[in-house]
């Protein structure tokens, strides 16, 4: 726990060039393919203050709309995203590092207000990382 809340950091490495990883996170069709999104629901504008929307479908078929904005965008390096939540936004950071030899390190970090929010966000982020890595291996 930090002074501001409960922080987690997750890291994974992809056998994919950084441009492919960037596209997976910033282009609608690739993002939709791996992010548990309902087909046709994703809209992405990966520019500072650009918006994103989509509908996440859980394994049991429940649908949850997500909306948010891109706070900071540095191509092939950083996406700082704010997800709309009741009363404000939750900020998530994705850092990319080119490891050479068409390998990329992805790091997701987030600080949450409560342990419950932390645990849910961490689990969801781990699912996203795992799914993104699996998608990139097939691409």
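Residue numbers (our numbering): 48 to 186. Idealized CB from N, CA, C, for every residue including glycine.
Rounded distance between the beta-carbons of residue j and residue i, thought under 8 Å
{"i": "residue 55", "j": "residue 178", "result": "Going by Cβ atoms, the distance from residue 55 to residue 178 rounds to 17 Å, so no, they are not a contact pair."}
{"i": "residue 183", "j": "residue 67", "result": "6 Å"}
{"i": "residue 117", "j": "residue 94", "result": "6 Å"}
{"i": "residue 124", "j": "residue 142", "result": "7 Å"}
{"i": "residue 161", "j": "residue 53", "result": "7 Å"}
Pick from the options that is closest to residue i, judged by C-alpha positions
{"i": "residue 69", "options": "138, 184 and 151", "result": "151"}
{"i": "residue 119", "options": "92, 144 and 107", "result": "92"}
{"i": "residue 129", "options": "75, 99 and 143", "result": "99"}
{"i": "residue 180", "options": "166, 75 and 80", "result": "80"}
{"i": "residue 172", "options": "184, 58 and 89", "result": "58"}
Residue i beta carbon near the ligand ATP (any heavy atom closer than 6 Å)
{"i": "residue 84", "result": "This structure simply doesn't include the ligand ATP, nor any ligand for that matter."}
Neighbourhood of residue i by C-beta, 8 Å cutoff - its chain only, sequence neighbours within 5 removed
{"i": "residue 168", "result": "55, 137, 139, 157 and 159"}
{"i": "residue 149", "result": "62, 63 and 64"}
Environment of residue i [buried if 16+ CB atoms lie within 10 Å]
{"i": "residue 121", "result": "exposed"}
{"i": "residue 185", "result": "exposed"}
{"i": "residue 134", "result": "exposed"}
Cβ shell of residue i (< 6 Å), same chain only, five flanking positions each side left out
{"i": "residue 102", "result": "85, 88, 110 and 112"}
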